[in-house]
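J.:
Number of protein chains: 2
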Amino acid sequence: MTPLPEPVPLTDWISYRAANTPSRPALVADGRTWTYAELDADVTSTAQMLGGWGIKENDRVAMLLNNGAGAALLIHATLRIGATLVPLNVRLGAAELAWQIADSHAQLLVVDGRTVKLAERTRAEQPDLIVVSIDDPAASEARCERLDSRTSRDATLHFAHDPNAVLAIIYTSGTTGQPKGAMLTVGNFWWSAIGSALNLGTHIDDRWLACMPLFHVGGLSILLRSAIYGITAVVHGGFDAVAANRALDEDGVTIISVVLIMLQRMLDAHEDRPYPSSLRCVLLGGGPAPQPVLERCARLGIPVSQTYGLTETTSQVATLTPGDALRKLGTAGRAIYPNEIRVVMDDKDTPAGEPGEILVRGPVVMAGYAGRPEVTERTIVDGWLHTGDVGTLDADGYLRVLDRRSDLIVTGGENVYPAEVEAALLSHPSVVEAAVIGIPDTTWGQCVIAFVRLSDAPDGVDPSTTDELRVHCRTLLAGYKTPRDIRIVTAPLPRTASGKVQRHVLRKRLTQTDGPASSTAR
Amino acid sequence: MTPLPEPVPLTDWISYRAANTPSRPALVADGRTWTYAELDADVTSTAQMLGGWGIKENDRVAMLLNNGAGAALLIHATLRIGATLVPLNVRLGAAELAWQIADSHAQLLVVDGRTVKLAERTRAEQPDLIVVSIDDPAASEARCERLDSRTSRDATLHFAHDPNAVLAIIYTSGTTGQPKGAMLTVGNFWWSAIGSALNLGTHIDDRWLACMPLFHVGGLSILLRSAIYGITAVVHGGFDAVAANRALDEDGVTIISVVLIMLQRMLDAHEDRPYPSSLRCVLLGGGPAPQPVLERCARLGIPVSQTYGLTETTSQVATLTPGDALRKLGTAGRAIYPNEIRVVMDDKDTPAGEPGEILVRGPVVMAGYAGRPEVTERTIVDGWLHTGDVGTLDADGYLRVLDRRSDLIVTGGENVYPAEVEAALLSHPSVVEAAVIGIPDTTWGQCVIAFVRLSDAPDGVDPSTTDELRVHCRTLLAGYKTPRDIRIVTAPLPRTASGKVQRHVLRKRLTQTDGPASSTAR
């Protein structure tokens, strides 16, 4: 008896579609459409360019690119040559960037005209690193050669992939400590795509809009998932509410992945006009969403599915099933097939509704952190990824994500999850954005501070407004959860590229101006 | 670093859906609808009944049931208790049946009121075999206990499945020789479902009609695929063209799997009225389809996807992509992801368009034939399943299935594929059914004989009709392919449960009446 090969090798999805559905649209970017046949040809050319720079199997290719066709081609080409992609955040500081590239042991760094300057320090510190640009030298720098200036026709291309091969190493934004490179395998992305398809369905004429960065797991997984499904990935250069709305209204986009602030801006720009019925799913990630926004979407018939994911779980690992959007409003649904989620406190599963650390097991869990076996062993125990995030499971197993554990506020021995307080603030009609942090307090350990941006806030805010907000919170929350201090801000809150509020930035801002808080003084 | 478990265990799909989408319809059968929550509960009860009869992991449960809820529940329950299903054809002769059950080493045989008599001989020959019925004893036989008369609450139920576990052993109809039990694993069915989803898409409100027997790989795979997708399986008691049409017109069925004769009857009964747009795919298997039928469907806007599959490949392994139906009319498309197809003659891949044996490799290929390691080794070589079927691949890799190899006619050293001749006959407006066989010929080795059923054929056929048909064929085919003799029949041609023409029956019928043909006499 001939045994089945295990694991099953995965045929290259783009070459498969190029053979099966050559004329279907595969990619829309930079104002152009690639069919699967065209994408396949361009991915091969790009892979041969990587080969021209000496890149081969298991090498690491760092990508410092803004969203566009160049990034999409590089991502697919890196897989085709059997190398590992290291996508880098274009907003990194030069020092952070140099550190991550050194840590990743990348052989090649690919930049564009806008990021070439940022790579200057890396180039100085790592003279052996090859830095090439996808843009014209004139537009970038004369000293930087173009990626397409060398080509190897002898490069070994890969048209079947080992599910255990590392496809990408993505540095996690990590609010504290050094970033760590999460190793995501071919199998991780495959299972992520299949699990999502079994939850949301997949239609052969789907068009999935990526208006979040491709260097982020959210954007990257859209690109790979679309190729696995044989559908169209629509890649925007960045997020623009009007452009995103236009893609939904006029460009036949059926699925869009967003975080809360993006969705809010789109709704505002759309002025409560309904979206076309072709829009079949708004996948809302990046953190808990306040009830009023979800209810606003429900009223407009916008099919929102809240989702919960991490870099370490190859994007979404829990997603609310479309039909459950109203029944389980505010939860992130249940684990996508066939992954499992537990909520644990003191090594025991918590009772229904009780918060604890979110644990995840299944084929979307990363292979580990690159070069950090000890951290990996602490993070993945018996196959369970310890996310560090806090949430609850209800009696039906629906996950409600409360917070990043590092943001947990402990005041007078009571736990306060900032998201809960933020949701209360956001439920007030005047509040556009809210962020809650804990700051050291001599009496209570920590106390709760809120940052709030109001709609059409005047320069000088009426003090009665903060009183009104505090009363509003008090009607919804326990006293110890009600913010001790509410600060009205006029600028948008600081957020990561994926749209998460950077609470550590707010915390830093506060301590620089105030010093430690004293409860007696307030 | 904690390695990923390989192979990835597959969460039980029904219990997963019962937890995630409890109120979605899972099964329509016997005039009733089961939600996923209800199906899950009934599958557990049925599994506990199997436990009550002593069935446990790795045991084999033979099923001799007509289509209905009872069969659907038994199929799912057998997986839940970790046993292997042996689905048996209810049209078998008593001796064949006894042989297959003995060969399968089944511990339990489940019958219904209509099949209990058929199992009589098996019961006599295998006194240790437990035979139970899903119907009332009164309706069947007093001596046969009911399946639900025993229940074990202690039965170990399985809610995660090893992809390598054997889910079913299906005896192949095999036109010649003893039937062999193809062992199909959980992973085979899983990959079959995923490959199909990546080709046809999967919509969360899909309803897939199974009007072919569930004891057949075609029907069984519909039931399992629907559960994997979390959609609705609509199970008909048998095929009835009017009922099938009604399911498409009024019952929201979106996908239907048929063989040619079923499709023809449905089209005739529908009198060329269009079908609703909710019908998004007619999956046409069971053998090559004649061009005129496909063109008729194209004219009516019926989205036909021709497919090629075998028991040994867990149903479909090549399917025409919907958009290619017209461009590649008459082919069965390309291999479904991530399987591979080759066409080989004398150990070499044939040039494009040249016929050879169809070989298949990939995760839908069975684990082997139960208890027949030597046959398995001859059939699966280096992972490639030798199907024994004959086909061609065109320059784009599209498969055209010509015939079962055992039906190949060799006349004067030339190969004739019956399907090609049948297609020529079927392209004549008067021909309803056609079957072509080779019979021994003293001069040419074999000669080509056709059986033809005409529309509204009078009892006495005008001899000029057969002449006209022969001329018609001659305009389309080489002389050696044109039937030497065309026999007009008035009764439908003999077919297997899956709708394949039983050429061996025709061959037998002919030799019994004629004796060997002599070319000089014709």
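Top line first, the protein sequences correspond to chains A and B.
Mapping to my numbering: the first sequence position 142 is 1129, numbers consecutive.
Mapping to my numbering: the second sequence position 478 is 1465, numbers consecutive.
C-beta: ideal position from N, C-alpha, C; glycine also.
These numbers come from a predicted model, not from an experiment.
Quick check on A:Gly963: buried or exposed, where buried means 16 or more other Cβ atoms within 10 Å of its Cβ?
T.: Examination of residue 963 of chain A is not possible in this model, given that chain A is present from 988 through 1509 alone.
J.: Using 9 Å as the limit for Cβ to Cβ distance, is B:Leu1497 near chain A?
T.: No, B:Leu1497 lies away from the interface with chain A (no Cβ there is under 9 Å from its Cβ).
J.: Quick one: grab the DSSP three-state call for A:Cys1284.
T.: The answer is helix: DSSP assigns A:Cys1284 an H, G or I state.
J.: Does DSSP put B:Pro1360 in a helix, a strand or coil?
T.: It is helical.
J.: Tell me the DSSP bridge mates of B:Ser1292?
T.: B:Leu1270.
J.: May I ask which residues mark the beginning and end of the beta strand (DSSP E) holding A:Val1439?
T.: Gly1432 to Leu1441 is the extent of the beta strand (DSSP E) around A:Val1439.
J.: I want to know whether the segment 1098–1111 of chain B touches the segment 1061–1073 of chain B - three or more CB-CB distances under 8 Å.
T.: Too few Cβ pairs lie closer than 8 Å, so no.
J.: Report all residues from its chain with a CB closer than 8 Å to the CB of A:Ala1180; omit the five preceding and five following residues, and keep chain order.
T.: Excluding sequence neighbours, A:Ala1180 sits near Ser1208, Leu1211, Arg1212, Ile1215 and Tyr1216.
J.: From A:Ala1184 to A:Gln1303, what does the alpha carbon distance come to, in whole angstroms?
T.: Cα-Cα distance, rounded: 12 Å.
J.: Between A:Leu1316 and A:Val1280, which are expected to be in contact by the criterion C-beta below 8 Å, what is the C-beta distance as a whole number of angstroms?
T.: Not confirmed; about 10 Å, so no contact.
J.: Could you compute how far the alpha carbon of A:Leu1054 sits from the alpha carbon of A:Thr1363?
T.: Checking the displayed sequence, the identity of residue 1054 of chain A turns out to be Asn instead of Leu. Going by the C-alpha atoms only, they are around 30 Å apart.
J.: Are the CB atoms of A:Thr1008 and B:Asp1383 nearer to each other than 9 Å?
T.: No, Cβ-Cβ distance for A:Thr1008 and B:Asp1383 is not below 9 Å.
J.: What ranges does the beta strand (DSSP E) occupy inside the segment 1455–1492 of chain A, keeping only unbroken runs of at least 3 residues that lie completely in it?
T.: You should have 1472–1476.
J.: Measuring only between beta-carbons, confirm whether B:Asn1186 sits less than 9 Å from chain A.
T.: Yes, B:Asn1186 lies at the interface with chain A (some Cβ there is under 9 Å from its Cβ).
J.: With DSSP as the reference, label B:Pro992 as helix, strand or coil.
T.: Any answer about B:Pro992 is weak, because its pLDDT of 48 lies below 50 and its placement is not dependable; what the coordinates show is given next. B:Pro992: coil per DSSP, three-state reduction.
J.: How would you list, in chain order, the residues of chain A whose beta-carbon sits under 8 Å from the beta-carbon of B:Ala1305?
T.: What B:Ala1305 touches in chain A: nothing, since even the nearest Cβ is about 11 Å away.
J.: I'd like to confirm the pairing. Which residues does DSSP put opposite A:Tyr1158 in its beta bridges?
T.: Its beta-bridge partners are A:Gly1168.
J.: Give me the Cα-Cα distance between B:Ile1117 and B:Thr1143, rounded to the nearest whole angstrom.
T.: The straight-line gap from Cα to Cα measures roughly 20 Å.
J.: Taking a Cβ distance cut-off of 7 Å, strictly less, list which residues of the segment 1312–1335 of chain B are near chain A, in chain order.
T.: So the close ones are Arg1321, Tyr1324 and Pro1325.
J.: With a threshold of 7 Å on Cβ separation, who are the neighbours of A:Pro1261 within its own chain once the five nearest residues in sequence on each side are excluded?
T.: These residues qualify, in order along the chain: Leu1287 and Gly1288.
J.: Any beta carbon of chain A sitting closer than 9 Å to that of B:Thr998?
T.: With 9 Å as the cut-off, B:Thr998 counts as an interface residue toward chain A.
J.: Under the three-state reduction of DSSP, which class applies to B:Asp1303: helix, strand or coil?
T.: According to the sequence displayed, residue 1303 of chain B carries Gln and not Asp. In this structure, B:Gln1303 counts as strand in the three-state DSSP scheme.
J.: The alpha helix (DSSP H) that contains B:Asp1027, what's its start and end?
T.: Counting along the chain, the alpha helix (DSSP H) containing B:Asp1027 begins and ends at Tyr1023 to Gly1039.
J.: Is any beta-carbon of chain B found at less than 9 Å from that of A:Gly1340?
T.: False, the Cβ-Cβ gap to chain B never drops below 9 Å.
J.: Can the beta-carbon of A:Leu1051 be found closer than 9 Å to that of A:Val1098?
T.: A contact, by the Cβ cut-off of 9 Å.
J.: In the structure shown, what three-state DSSP assignment does B:His1063 receive?
T.: Here B:His1063 sits in helix by DSSP.
J.: Look up A:His1148 in the DSSP assignment and give the residues it is bridged to.
T.: Bridge partners of A:His1148: A:Leu997.
J.: Assuming A:Leu1389 and A:Val1418 are in contact, meaning their beta carbons sit under 8 Å apart, how far apart are those beta carbons, in whole angstroms?
T.: A:Leu1389 to A:Val1418, Cβ: 19 Å. No contact.
J.: I'd like the span of the alpha helix (DSSP H) that includes B:Asp1090, first residue to last.
T.: Segment Ala1081 to Ser1091, the alpha helix (DSSP H) holding B:Asp1090.
J.: How is the beta strand (DSSP E) around B:Gly1425 delimited, first residue to last?
T.: Segment Val1418 to Asp1428, the beta strand (DSSP E) holding B:Gly1425.
J.: Counting only beta-carbon atoms, is B:Pro1350 nearer than 9 Å to chain A?
T.: It does: the Cβ of B:Pro1350 has a partner Cβ on chain A nearer than 9 Å.
J.: Could one say the Cβ of B:His1190 lies closer than 9 Å to chain A's Cβ atoms, at least one of them?
T.: It does; some Cβ of chain A falls within 9 Å.
J.: If contacts are defined as beta-carbon pairs under 8 Å, then A:Asn1151 and A:Pro994 qualify, I think. What distance do you get, rounded to the angstrom?
T.: A:Asn1151 to A:Pro994, Cβ: 7 Å. Contact.
J.: Taking just the CA atoms, how far does B:Pro1479 sit from B:Ala1422?
T.: Going from the Cα of B:Ala1422 to the Cα of B:Pro1479 covers about 11 Å.
J.: For A:Gly1161, collect the residues of the same chain with a Cβ closer than 6 Å to its Cβ; drop the 5 residues on either side in sequence, then sort them by chain order.
T.: At A:Gly1161, the pLDDT of 47 sits below 50, so the modelled position is not reliable; the number obtained from the coordinates is stated separately. Correct list: empty, nothing qualifies.
J.: Can you find a C-beta in chain A that's less than 9 Å from the C-beta of B:Ile1001?
T.: No, its Cβ sits nowhere closer than 9 Å to a Cβ of chain A.
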